[in-house]
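Numbering (my numbering), first residue to last: 676 to 807.
Even glycine gets a Cβ: it sits at the ideal position worked out from N, Cα and C.
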Amino acid sequence: MHIILDTHILILALYADYKLPEQMMHLLQDENVWINYSVISLWETEIKHIRHPREFGFSSADIEADARMAGFHMLGLEPRHISALGSLTDIKDHKDPFDRMLIAQAKADNMVLLTRDSRLPLYRESCVLCIK
């Protein structure tokens, strides 16, 4: 199985895995699961780091280095991912462009997006797996 971590799960997996639900921990430790993260998460992380360096004490470079050391695989942004955005339902209560792009990437590449965000299943995409 190929999964892609949303930004929040990526950060927790790298820096606070004790906060992850047990089911997520099992997925992250499963040898049969290929763990991906997106360049989109690096972009989102860097923006938050620039805006709030004290509260968000790590940069995109930190995330990239630590994810590589953890054995995670970075997924770049490709035209097929951008095209998949057009197939997503427009959700009134959720407009986060980073989340929408992560869903589009997961959908375009037949991956499962692992999240704790209860709003993402509103997109009704089979590629979204929300674990609380």
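TODO: Would you identify the three-state DSSP class for H701, choosing helix, strand or coil?
DONE: Shown here, H701 sits in a helix according to DSSP, grouped into three states.
Open item on the list: With a threshold of 7 Å on Cβ separation, who are the neighbours of D741 within its own chain once the five nearest residues in sequence on each side are excluded?
Closed with: Exclusion of the five residues before and after D741 leaves L689 as the residues of its chain whose Cβ lies within less than 7 Å of its Cβ.
TODO: Out of R729, I806, M744 and M700, state which residue places its alpha-carbon closest to the alpha-carbon of R794.
DONE: Comparing C-alpha distances from R794 to each of R729, I806, M744 and M700 shows the shortest one belongs to I806.
Open item on the list: In whole angstroms, give me the CA-to-CA distance for T720 and R775.
Closed with: CA-CA distance, T720 to R775, rounds to 16 Å.
TODO: Could you tell me which uninterrupted alpha helix (DSSP H) segments, each at least 4 residues in length, are contained entirely in the stretch 753-804, listed from first to last along the chain?
DONE: 754-759 and 772-783, all fully within the stretch 753-804.
Open item on the list: Taking a contact to mean a Cβ-Cβ separation below 8 Å, would you say K782 touches E753 in this structure?
Closed with: No, Cβ-Cβ distance for K782 and E753 is not below 8 Å.
- [ ] Measure the alpha-carbon distance for H769 versus L702 and round it to whole angstroms.
- [x] Roughly 27 Å separates the two Cα atoms.
Task: Where the alpha helix (DSSP H) containing S690 begins and where it ends - done: A small fix is needed here, since residue 690 is Tyr in this sequence, not Ser. Element bounds for Y690: T682 to Y690.
Open item on the list: Is it the case that the stretch 692-700 contacts the stretch 724-739, given that we only count it when at least three CB pairs across the two stretches are under 8 Å?
Closed with: These segments do not touch.
Open item on the list: DSSP three-state label for S713, please.
Closed with: In this structure, S713 counts as strand in the three-state DSSP scheme.
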